[in-house]
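Beneath this line is the structure, given in structure tokens, with notes to follow.
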């Protein structure tokens, strides 16, 4: 007589394929959460629903993600990774323009609006603020920083410029209009962000 | 026999000075709220307390400000107006640097931190979002816009630059670091915001 299984996942695991590796399970969950958040936002995101969709136990989910916000942020980061990827084969101004347009499009989806809500909630919830930085913003910042550093090494950005500051003057400026919508995010606005920074706004001598 | 007064303010109105004019009462309330918000934030801000401090009825307060958030924002706007004033007698780069340093200092007070919380709450509360823009951000934007437009008319900013965008690339960039604090707001950061924009970050030809 065999001992009964204690694996809470057993009932939903596809039969005949054996146990999925943890990293595969994790990737599957993130993909499912990412799709859900992009399409619907986070209002309908529950551990119960994700457990059902991804075929894992709620215990497993809680082990990896301490809160709904953390789960949403991790899923969202992976869901937008390809859309927001940089292209180091084109010149940096063209790459930034293109990426900023993609970014604005993503931010107009239910997922993007959910991200703004999480930024909002994180002003009042320190745990969520830590999760936001750890699972979303610091990773996005790093990707932008790497692209800008490459451009600086290529001579497309002047030596001595602190490229960290550019992240705030490009994407930060967009977040400003999204979070406090006195003015709209338009294609012209996105292009002007890049042009102002590269060309400078002082009169040409 | 005289009819009893029905003025709820009568008990607290200074005797012998007669009825205060509405605009004076309003200015007194805003001054009291502004001091309170700057010193303490909004956790302890209640209509009851403001009514007591400013010597007006709660009915009067509710007539002018529909919510605690609206009252806080209106008071805060007036409290920081002088600190955040521009100085059109100096060149625009020096003025912006100075103003951005003052802005960062104000944002580090309990009042500034309360403002970030209100931005946060306004992501989930449309009424508060409308009040935020009406009573705070649109007014601040207008002041910045006017200063930048003057600089453009003076030839300090190139013709053709949309100065609306600069508001997001200066103060918006600071809000970005305050709301999502992956990187700190330092004096060097504030100066770099101005320098990057005016000088441009492309290599000099």
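Residue numbers (UniProt numbering), protein chains in the order written: chain A, 1 to 205; chain B, 1 to 205. By construction, the Cβ of each residue, glycine as well, lies at the ideal position given by its N, Cα and C atoms.
Anticipated Cβ contact below 8 angstroms, residue i with residue j, distance rounded
{"i": "residue 201 of chain A", "j": "residue 166 of chain B", "result": "7 angstroms"}
{"i": "residue 180 of chain A", "j": "residue 119 of chain B", "result": "6 angstroms"}
{"i": "residue 71 of chain A", "j": "residue 50 of chain A", "result": "7 angstroms"}
{"i": "residue 177 of chain B", "j": "residue 168 of chain A", "result": "6 angstroms"}
{"i": "residue 135 of chain B", "j": "residue 74 of chain B", "result": "5 angstroms"}
{"i": "residue 124 of chain B", "j": "residue 123 of chain A", "result": "Not quite, the Cβ-Cβ distance comes to about 10 angstroms (not below 8 angstroms), so this is no contact."}
{"i": "residue 185 of chain B", "j": "residue 174 of chain B", "result": "6 angstroms"}
{"i": "residue 182 of chain B", "j": "residue 133 of chain A", "result": "5 angstroms"}
{"i": "residue 172 of chain B", "j": "residue 172 of chain A", "result": "6 angstroms"}
{"i": "residue 170 of chain A", "j": "residue 96 of chain A", "result": "7 angstroms"}
{"i": "residue 196 of chain B", "j": "residue 197 of chain A", "result": "6 angstroms"}
{"i": "residue 86 of chain A", "j": "residue 68 of chain A", "result": "That pair is no contact at about 30 angstroms."}
Residue i, DSSP secondary structure in three states
{"i": "residue 86 of chain B", "result": "coil"}
{"i": "residue 161 of chain A", "result": "coil"}
{"i": "residue 65 of chain A", "result": "coil"}
{"i": "residue 19 of chain A", "result": "coil"}
{"i": "residue 180 of chain A", "result": "coil"}
{"i": "residue 205 of chain B", "result": "coil"}
{"i": "residue 56 of chain A", "result": "coil"}
{"i": "residue 10 of chain B", "result": "Only weak support is given to the placement of residue 10 of chain B: the predicted model assigns it a pLDDT of 41, under 50, and the value that follows is read from those uncertain coordinates. Note: residue 10 of chain B maps to coil in three-state DSSP."}
{"i": "residue 2 of chain A", "result": "With a pLDDT of 38 at residue 2 of chain A, under the threshold of 50, the modelled position of that residue is not reliable, and the figure given next carries that caveat. Looking at residue 2 of chain A - three-state DSSP - the assignment turns out to be coil, as it is neither helix nor strand."}
{"i": "residue 125 of chain B", "result": "coil"}
{"i": "residue 149 of chain B", "result": "helix"}
{"i": "residue 156 of chain A", "result": "coil"}
{"i": "residue 45 of chain A", "result": "coil"}
{"i": "residue 91 of chain B", "result": "coil"}
{"i": "residue 120 of chain A", "result": "helix"}
{"i": "residue 105 of chain B", "result": "helix"}
{"i": "residue 40 of chain A", "result": "helix"}
{"i": "residue 221 of chain A", "result": "Lying before the first or after the last residue shown, residue 221 of chain A is absent from chain A, which here runs from 1 to 205."}
{"i": "residue 211 of chain A", "result": "This structure leaves residue 211 of chain A out entirely; chain A is present only between 1 and 205."}
{"i": "residue 200 of chain B", "result": "coil"}
Per-residue contacts from residue i into chain B (C-beta, under 8 angstroms)
{"i": "residue 121 of chain A", "result": "120, 123 and 124"}
{"i": "residue 155 of chain A", "result": "203"}
{"i": "residue 99 of chain A", "result": "Result: empty, since nearest Cβ-Cβ is about 16 angstroms, beyond 8 angstroms."}
Chain-ordered neighbours of residue i on chain B, where CB pairs are closer than 7 angstroms
{"i": "residue 175 of chain A", "result": "176"}
{"i": "residue 56 of chain A", "result": "Those do not exist, as residue 56 of chain A stays about 30 angstroms from chain B at its closest Cβ, beyond 7 angstroms."}
Within chain A, the residues that residue i reaches when beta carbons sit closer than 9 angstroms
{"i": "residue 198 of chain B", "result": "200, 201 and 202"}
Under 8 angstroms by beta carbon: chain A residues contacting residue i
{"i": "residue 165 of chain B", "result": "173, 189, 192, 193 and 196"}
{"i": "residue 95 of chain B", "result": "By Cβ distance, chain A contributes nothing, its closest Cβ being about 14 angstroms from residue 95 of chain B, past 8 angstroms."}
Interface partners of residue i on chain A, CB under 7 angstroms
{"i": "residue 161 of chain B", "result": "196 and 201"}
Contact list for residue i against chain B, beta-carbon separation under 9 angstroms
{"i": "residue 158 of chain A", "result": "199, 200, 201, 202, 203 and 204"}
Contacts of residue i in chain E (Cβ-Cβ under 7 angstroms)
{"i": "residue 168 of chain A", "result": "No chain E is part of this structure, whose protein chains are labelled A and B."}
Check: Three or more C-beta pairs closer than 8 angstroms, one from the segment 38–49 of chain A and one from the segment 105–123 of chain A: is that the case here?
Finding: yes
Notebook entry, point to check: Looking at chain A, which residues of the segment 178–193 of chain B have a Cβ within less than 7 angstroms of any of its Cβ atoms?
Noted result: 179, 180, 182, 183, 189, 192 and 193
Notebook entry, point to check: Using a Cβ cut-off of 8 angstroms, which residues of the segment 131–150 of chain A contact any Cβ in chain B, in chain order?
Noted result: 132, 133, 137, 138 and 141
Next item on the list: Identify each residue in the segment 104–117 of chain B for which the Cβ-Cβ distance to at least one residue of chain A is less than 8 angstroms, and report them in chain order.
Entry: 116 and 117
Note to self: Pairs of beta-carbons, one from the segment 97–108 of chain A and one from the segment 142–153 of chain B, closer than 8 angstroms: are there three or more?
What the structure shows: no
Note to self: Tell me whether the segment 58–66 of chain B and the segment 86–93 of chain B touch, counting them as touching only if at least three CB pairs, one residue from each stretch, are closer than 8 angstroms.
What the structure shows: no
Notebook entry, point to check: Should the segment 21–28 of chain B be called in touch with the segment 124–141 of chain A, which here means at least 3 C-beta pairs below 8 angstroms?
Noted result: no
Checklist line | the segment 63–91 of chain B: positions lying closer than 7 angstroms to chain A by Cβ | finding: none
Check: Are at least three pairs of beta-carbons, each pair with one atom in the segment 29–38 of chain A and one in the segment 72–82 of chain A, less than 8 angstroms apart?
Finding: yes
Margin query: Under 7 angstroms, CB to CB, which of the residues in the segment 39–54 of chain A have a partner in chain B?
Written below: none
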